[in-house]
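A quick write-up on the structure given underneath.
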Amino acid sequence: MRKSAIQFQEGMSLDEFQEKYGTEQQCRDALFELRWPSGFVCPACGYDNGGFIKTRLLYQCYRCAHQTSVTAGTIFHSTKLPLRKWFLAIYFLTQSKNGVSALELMRVLGVGYNAAWRIKQKIMHVMLMRNNSKRIGGDIQVDDSYLGGEQTGGKRGRGAKSKKPFVAAVKTQKGHPVQIKLSCVSRFSKREIERWSRQHIDPGSCVVSDGLRCFNGFMDAGCSHTAVITGSGKKSAQNPIFTWVNTVLGNLKNSLSGTYHAFRPMYSDRYLAEFQYLFNRRFDLKKMLPRFVYVAARTAPCPDRLLVLSEN
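Residue numbers (the working numbering): 1 to 312.
Structure (structure tokens):
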């Protein structure tokens, strides 16, 4: 049986990680290089020259005297944890196929659960922001789905309070999945699908979905849309037209149930973003960590008041 080149790629070994990012100074140097590849640039005035204050680990602009650290203004802003622990967390999350829970991070990093949870949520926040900045286009399979299970005595199926609706879209090329989009929607209505499409799908894309009427919103967003009536039940899920979107949904739910005991519905977008981010960048595991740190260095800080979302 032929092995998949993507599935069996080497990735970054733990020895390689330790060699490149094993010390605090190595992590600081790597973050500096990814944040300011052409040398220090003052975030206050944009001047490209400054000095380093070793006793305080701060950079000072020679023009406006503004002082900043390598972590200031990034997702690592005001962190009290060593950067090497952040890099180790990023390593485990980007090299793992199914994700890593906050409880597991707590154990491998040697930190408290609350610290591990914040690291995990901030890393997923970076993934979510990056995912939202890119759209997909071309030939796309789309399906509706839900996160969450039935509550005892509660309503079943669509409209259940315990379930979070989300759209799954898979871009295919030559019969193979290339990129995916997974994100929550408030409801499955034509207007909401149009809004979602304008944010996540390139105009002119060819979208194929089942016969759910709300998917006509793709046409209002400038896409061509083909609705295939599949009926209901197990047979509809085996329709070859939707092979890849159904495969992605199956892998997603297996990944979430295998990694996390549970998570609150208000954080659903972040967990979907993690799966999407890893899937779309699965072609080169060795570069995933530096690519992530590059993005993290350009992601605005996410303080606790934004990190801990409201149920409402």
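Positions of the beta carbon are idealized from the N, C-alpha and C atoms, including for glycine.
Straight-line measurement puts the Cα of G73 at about 8 Å from the Cα of R298. Residue burial is scored here from C-beta neighbours: I53 has fewer than 16 other C-beta atoms within 10 angstroms and is therefore classed as exposed.
Scanning the segment 19-65 from its first residue to its last, the whole beta strand (DSSP E) runs of 3-plus residues come out as 50-53, 58-61. Secondary structure of C184 (DSSP, three-state): strand.
Between the segment 189-208 and the segment 289-306, the count of C-beta pairs closer than 8 Å stays below three; the two stretches do not touch. In this structure, the CA atom of T243 is about 45 Å from the CA atom of S78. Residue nearest to I6 within the set S38, Q95, L88 is Q95 (criterion: CA-CA distance). If you ignore the 5 residues before and after V41, its C-beta comes within less than 6 Å of the C-beta of D48, all in its own chain and listed in chain order. Going by beta carbons, L256 and Y271 fall inside the 8 Å limit. Taking the Cβ atoms as the reference, G138 lies roughly 5 Å from K171, within the contact range of under 8 Å. Around the Cβ of T71, a 10 Å sphere holds 16 or more other Cβ atoms; the residue is buried. Counting along the chain, P165 sits inside no alpha helix (DSSP H); it lies in the beta strand (DSSP E) bounded by residues 164-173.
Rounded to the nearest whole angstrom, the CA to CA distance from A44 to L182 is 36 Å. Between L105 and I90, the gap from beta carbon to beta carbon reaches 8 Å or more. Considered as a whole, the segment 220-299 harbours 224-228 as its complete beta strand (DSSP E) runs of no fewer than 3 residues, in chain order. At a Cβ-Cβ threshold of 8 Å, S224 and V207 count as neighbours.
With distances taken between CA atoms, Y260 lies nearest to L103 out of E24, L103, V142. Taking 4 residues as the minimum length, the alpha helix (DSSP H) runs contained wholly in the segment 98-151 are 102-109, 113-132, in order along the chain. C-alpha of V178 to C-alpha of C64: approximately 47 Å in a straight line. Apart from the 5 residues on each side of it in sequence, A116 sits with its Cβ closer than 7 Å to the Cβ of A102, L105, M106, L109 in its chain, given in chain order.
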